[in-house]
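*Asks:*
2 protein chains.
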Amino acid sequence: MARVVVDVMLKPEILDPQGQAVLGALPRLGFTGFTSVRQGKRFELEVEGEVTDEVLAQVREAASTLLSNPVIEDVVGVSVESAEAESQVTA
Amino acid sequence: MARVVVDVMLKPEILDPQGQAVLGALPRLGFTGFTSVRQGKRFELEVEGEVTDEVLAQVREAASTLLSNPVIEDVVGVSVESAEAESQVTA
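For the record, the sequence lines run as chains A and B. Residue 4 in our numbering sits at position 4 of the first sequence, with consecutive numbering throughout. Residue 103 in our numbering sits at position 12 of the second sequence, with consecutive numbering throughout.
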């Protein structure tokens, strides 16, 4: 089993109220030095067997049709995660 | 200006209805071979100047207090993105 990660963000020109809310909250909680915050979506897709080029092509296609709205969002990353990285939760 | 990316996912034991909805839709759109889909959040934080250890420590702290709900979510990644990667939108 392997995992493919798809990252989707709002297009830069689209207003991001959630990101702005976080940006506004950061100084109130004592976190300084941040100039902008944008929030997007991260998908983890598990596939049977290995991630072949054909599987990656399917993921890219699904990313641009189902996982994102091409009018307001960009798919900013499609990456294959190995098994070790899966169990590693870095905080 | 530099960018730090924070990835937050639901804990594995938490039900993910959005992910299940996507998993259900994939075969209907002709995408096969996917065994699970989980949806989480991706934050892009821009910081003034370089990303020092102190800035990274602030981001990790903000990630576990403001950007995620530690009861149901895990911070699965905190990474620094260089300027070139920023302009590169891979689809």
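Beta carbons: idealized from backbone N, C-alpha and C, even for Gly.
Judging by CA-CA distance, which residue of B:Gly-168, B:Ala-154 and B:Gln-109 is the nearest neighbour of Leu-26 (chain A)?
*Replies:* What you label residue 26 (chain A) is simply residue 26 of the first sequence in a count that begins at 1. Cα-wise, what sits closest to Leu-26 (chain A) is B:Ala-154.
*Asks:* Could you give the C-beta distance for Glu-48 (chain A) and Gly-131 (chain B), rounded to a whole number, given that I count them as a contact under 8 Å?
*Replies:* The residue given as residue 48 (chain A) occupies position 48 in the first sequence. The residue given as residue 131 (chain B) occupies position 40 in the second sequence. With a Cβ gap of about 22 Å, Glu-48 (chain A) and Gly-131 (chain B) do not count as contacting.
*Asks:* Taking any Cβ of chain A, which residues in the stretch 107 to 139 of chain B have a Cβ under 7 Å from it, in chain order?
*Replies:* Val-113, Ala-116, Leu-117, Leu-120, Phe-122, Gly-124, Phe-125, Thr-126, Ser-127, Val-128, Arg-129, Gln-130, Gly-131, Lys-132, Arg-133, Phe-134, Glu-135, Leu-136, Glu-137, Val-138 and Glu-139
*Asks:* Of the choices B:Leu-101, B:Arg-94, B:Arg-119 and B:Val-95, whose alpha-carbon is the least far from that of Ile-163 (chain B)?
*Replies:* Numbered from its first residue, the second sequence carries residue 163 (chain B) at position 72. Ranking the options by Cα distance to Ile-163 (chain B), first place goes to B:Leu-101.
*Asks:* Please state whether the Cβ-Cβ distance between Arg-133 (chain B) and Arg-60 (chain A) is less than 8 Å.
*Replies:* Along the second sequence, one-based indexing puts residue 133 (chain B) at 42. Along the first sequence, one-based indexing puts residue 60 (chain A) at 60. No, they are not a contact pair.
*Asks:* Please confirm whether Glu-54 (chain A) and Arg-3 (chain A) have their CB atoms less than 8 Å apart.
*Replies:* Position 54 of the first sequence holds residue 54 (chain A). Position 3 of the first sequence holds residue 3 (chain A). Their beta carbons are not under 8 Å apart, which means Glu-54 (chain A) does not touch Arg-3 (chain A) by this criterion.
*Asks:* Have a look at Thr-126 (chain B) and Ser-68 (chain A) and give me their C-alpha separation to the nearest angstrom.
*Replies:* Position 35 of the second sequence, counting from 1, holds the residue named residue 126 (chain B). Position 68 of the first sequence, counting from 1, holds the residue named residue 68 (chain A). Near 20 Å, if we compare the C-alpha coordinates of Ser-68 (chain A) and Thr-126 (chain B).
*Asks:* Would you kindly work out how many angstroms separate the C-alpha atoms of Pro-103 (chain B) and Ala-148 (chain B), rounded to a whole number?
*Replies:* Within the second sequence, numbered from 1, the residue matching residue 103 (chain B) stands at position 12. Within the second sequence, numbered from 1, the residue matching residue 148 (chain B) stands at position 57. Pro-103 (chain B) and Ala-148 (chain B): Cα-Cα distance of roughly 25 Å.
*Asks:* Determine the DSSP secondary structure at Asp-7 (chain A), reduced to helix, strand or coil.
*Replies:* As a working note, residue 7 (chain A) is residue 7 in the first sequence. Asp-7 (chain A) falls in the strand class under three-state DSSP.
*Asks:* Taking the alpha-carbon of Val-37 (chain A) as reference, which of A:Thr-65, A:Leu-15, A:Ser-79 and A:Pro-70 has the nearest alpha-carbon?
*Replies:* Looking up residue 37 (chain A) in the first sequence gives position 37. Of A:Thr-65, A:Leu-15, A:Ser-79 and A:Pro-70, the residue nearest in Cα terms is A:Leu-15.
*Asks:* Which stretch, first to last residue, makes up the alpha helix (DSSP H) that contains Glu-139 (chain B)?
*Replies:* On the second sequence, residue 139 (chain B) is found 48 positions in, with the first residue counted as 1. In the DSSP assignment, Glu-139 (chain B) falls outside any alpha helix (DSSP H), carrying neither H nor E.
*Asks:* Buried or exposed: which applies to Gly-121 (chain B), given that a residue is buried once 16 or more other Cβ atoms fall within 10 Å of its Cβ?
*Replies:* Indexing the second sequence from 1 puts residue 121 (chain B) at position 30. Exposed: under 16 other Cβ atoms inside 10 Å.
*Asks:* Taking buried to mean at least 16 other C-beta atoms within 10 Å of its own C-beta, is Glu-19 (chain A) buried or exposed?
*Replies:* Here the question's residue 19 (chain A) lines up with position 19 in the first sequence. Position check: residue 19 (chain A) holds Gly in this sequence, whereas Glu was assumed. Buried, since its Cβ has 16 or more Cβ neighbours within 10 Å.
*Asks:* How would you label Glu-115 (chain B), buried or exposed, when you count the other beta carbons within 10 angstroms and need 16 or more for buried?
*Replies:* Looking up residue 115 (chain B) in the second sequence gives position 24. As written in the sequence, residue 115 (chain B) is Gly, which differs from the Glu given in the question. Residue environment analysis places Gly-115 (chain B) among the exposed positions, since fewer than 16 neighbouring C-beta atoms fall within 10 angstroms of its C-beta.
*Asks:* Using a Cβ-Cβ cut-off of 6 Å (strictly less than) and excluding sequence neighbours within five positions of Val-46 (chain A), which residues of its own chain qualify?
*Replies:* Locating residue 46 (chain A) in the first sequence gives position 46, counting from the first residue. Inspection of the sequence shows that residue 46 (chain A) is occupied by Glu rather than by Val. Only Met-1 and Arg-3 meet the Cβ criterion.
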